[in-house]
Amino acid sequence: MPIPKAHYGGRHTVTLLPGAGIGPELMNYVKEVFSYAGVPVDFEDVDIDPNADDNVDLDFAITSIRRNGVALKGNIETRSTEAEVLSRNVALRNQLDLYVNVLHCVSYPGVNSRHKNIDIVIVRQNTEGEYAMLEHESVKGVVESMKVITSSNSERVARYAFEYAKRNGRKKVTTVHKANIMKLSDGLFLETSKRVAKDYPDIVHNDMIIDNTCMQLVSNPHQFDIVLTTNLYGAIVSNVVCGLLGGAGLLAGKNFGDHYTIFEPGTRNTGTSIAGKNVANPIAMLNAAVDMLRHLGHKNHAALIQNAINKTINQGIHTRDLGGQATSREVVDSIMKHIKIASN
Ligand code: ADP
Ligand code: MG
Numbered sequence: 001m002p003i004p005k006a007h008y009g010g011r012h013t014v015t016l017l018p019g020a021g022i023g024p025e026l027m028n029y030v031k032e033v034f035s036y037a038g039v040p041v042d043f044e045d046v047d048i049d050p051n052a053d054d055n056v057d058l059d060f061a062i063t064s065i066r067r068n069g070v071a072l073k074g075n076i077e078t079r080s081t082e083a084e085v086l087s088r089n090v091a092l093r094n095q096l097d098l099y100v101n102v103l104h105c106v107s108y109p110g111v112n113s114r115h116k117n118i119d120i121v122i123v124r125q126n127t128e129g130e131y132a133m134l135e136h137e138s139v140k141g142v143v144e145s146m147k148v149i150t151s152s153n154s155e156r157v158a159r160y161a162f163e164y165a166k167r168n169g170r171k172k173v174t175t176v177h178k179a180n181i182m183k184l185s186d187g188l189f190l191e192t193s194k195r196v197a198k199d200y201p202d203i204v205h206n207d208m209i210i211d212n213t214c215m216q217l218v219s220n221p222h223q224f225d226i227v228l229t230t231n232l233y234g235a236i237v238s239n240v241v242c243g244l245l246g247g248a249g250l251l252a253g254k255n256f257g258d259h260y261t262i263f264e265p266g267t268r269n270t271g272t273s274i275a276g277k278n279v280a281n282p283i284a285m286l287n288a289a290v291d292m293l294r295h296l297g298h299k300n301h302a303a304l305i306q307n308a309i310n311k312t313i314n315q316g317i318h319t320r321d322l323g324g325q326a327t328s329r330e331v332v333d334s335i336m337k338h339i340k341i342a343s344n
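Its first residue numbered 1, the sequence shown is counted upward by one per residue in the numbering used here.
Shown next as structure tokens:
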């Protein structure tokens, strides 16, 4: 049973994790656009100190998300070199059991890119694999790293992919793996997806090795519909597809568990080198915020902002990552102008 979202007098409260780099400035644009569009959402801001050697801030963030059910997130930095202080981005997903990451990659007609009309959904296992963070130096100069694959998590993510296909009229699921080399771990992931596929006879299922997938994505991406894959391959494939569509500044991703949801930019970058320069593309974070509004049931506000984003992109008001000249500010101003026109 999903836990209800925090909801008082028609307004929702969501947790806001600005993170590092460009995260805080992008969150300010989201707040500005929300308040301009009259969105009935309040934010509970939670900062996580990147230098902390303990997990007090992280625990506070987790408590806040447990209370609110939903969060919007930038990339969090972990600078501590203490071995027991793990990546907070990973810890957050693991502790909230956000076992699936969904990245819906659709081309924008107004963005110059190598391929047109791409529409691929990447469904990624989000809590195990190489991200188990179980590494140790067994003897000096020899480091071992555990990759953990379980049948229960493989089954949950596979079922999510096929249910998504069924609900959204998708035709095909491709399991991406390296089971020819990692016969036990990736073998389990692949075999589980084949077993789940039998429950969905109307949906085509095939599988592909990760290296070939990267080549096929670059040369013939239209063959893909839904890609189902493990955590690390999912990170790589997500970046390949975002790159094909226009880079890190456009697309948004969703992290789901049975109880909580976190929305964030699809490629999860910090953008340290471009922070504070008024050049970061604000679209990916705004798209994450729109996804969040749909999830909360604020359909009209979601559509209002989404249309304003699409018009801005299709008019060629692009930051430099998309080959344009516009500043972050100019993109946000254009979005607000279109909100105003649509609201009159
Ligand atoms: P990571 O967090 O993985 O180290 P970076 O933060 O270095 O990645 O981001 C990767 C690249 O993507 C950088 O060149 C960065 O400038 C670019 N990038 C990330 N987010 C945006 C954005 N919103 N707008 C423009 N460029 C971005
Ligand atoms: Mg970085």
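Using N, Cα and C, we set each Cβ at its ideal position, and we do this for glycine too.
- Distance check between Tyr29 and each of Gly324, Gly74, Asp49 places Gly74 closest, using alpha-carbon atoms only.
- CA-CA distance, Arg156 to Gly10, rounds to 33 Å.
- Comparing alpha carbon positions, the residue from Leu190, Leu217, Val70, Phe224 closest to Asp258 is Val70.
- Taking 8 Å as the upper bound for CB-CB distance, Ile283 and Ile313 are in contact here, some 7 Å apart.
- Of all C-beta pairs linking the segment 186-196 to the segment 212-226, fewer than three are shorter than 8 Å, placing the two stretches out of contact.
- Taking all protein chains shown into account, Met208 has 16 or more neighbouring C-beta atoms within 10 Å of its C-beta and is therefore buried.
- Pairing Val111 with Gly271 gives a Cβ-Cβ distance that is not under 7 Å.
- Look at Arg159 here: in three-state DSSP terms it is helix.
- Counting only residues of its own chain and dropping the five nearest sequence neighbours on each side, Gly187 has a CB closer than 7 Å to the CB of Ala179.
- A distance below 6 Å between beta-carbons, with the five flanking residues on each side excluded, links Leu293 to the following residues of its chain, in chain order: His301, Ala302.
- For the 7 Å CB-CB criterion, Ala326 and Leu72 do not form a contact.
- Counting only residues whose CB is nearer than 5 Å to a non-hydrogen atom of the ligand ADP, the list in chain order is Ala248, Gly249, Asn269, Thr270, Gly271, Ile274, Ala280, Asn281, Asp321.
- The C-alpha of Ala61 is placed about 13 Å away from the C-alpha of Asn94.
- Of the candidates Thr175, Ser113, Tyr8, Gly266, Thr175 places its Cα closest to the Cα of His205.
- Inter-segment contact for the segment 229-241 and the segment 117-134 is present: three or more beta-carbon pairs are separated by less than 8 Å.
- Boundaries of the alpha helix (DSSP H) harbouring Lys311: 299-314, taken from the DSSP string.
- In the three-state reduction of the DSSP assignment, Gly129 falls in the strand class, which pools E and B.
- C-alpha of Phe34 to C-alpha of Gly169: approximately 31 Å in a straight line.
- Inter-residue distance for Phe189 and His177 is about 8 Å (C-alpha atoms, whole angstroms).
- Secondary structure at His222: helix, using DSSP grouped into helix, strand and coil.
- Between the alpha carbons of Asn287 and Ser138 lies a distance of about 44 Å.
- Bridge partners of Ala71 according to DSSP: Thr15, Ile262.
- According to DSSP, residue pairing for Met208 in a beta bridge involves Val176.
- Within the segment 232-297, the runs of alpha helix (DSSP H) at least 4 residues long that lie entirely inside it are, in chain order, 283-296.
- Apart from the 5 residues on each side of it in sequence, Ile274 sits with its Cβ closer than 7 Å to the Cβ of Ile22, Ala280 in its chain, given in chain order.
- Here Arg88 has Ile48, Leu58, Ile76, Thr78 as same chain residues with Cβ atoms under 7 Å from its own Cβ, once five neighbours each way along the sequence are excluded.
- If you ignore the 5 residues before and after Leu304, its C-beta comes within less than 8 Å of the C-beta of Ala37, Ile339, Ala342, Ser343, all in its own chain and listed in chain order.
- Non-local beta-carbon contacts of Asn51 in its own chain, meaning distances under 6 Å to residues more than five positions away in sequence, involve Arg79 in chain order.
- Burial state of Thr63 is exposed, judged by a 10 Å Cβ sphere holding fewer than 16 other Cβ atoms.
- Residue environment for Thr81: exposed (fewer than 16 other C-beta atoms within 10 angstroms of its C-beta).
- A direct Cα-Cα distance of roughly 17 Å separates Arg159 from His104.
- Arg268 counts as buried, since no fewer than 16 other beta carbons sit within 10 angstroms of its beta carbon.
- Asn168 sits in coil when the DSSP states are folded into three classes, being neither helix nor strand.
- For the segment 85-112, the continuous beta strand (DSSP E) assignments of 3+ residues that do not extend past its boundaries occur at 100-106, in sequence order.
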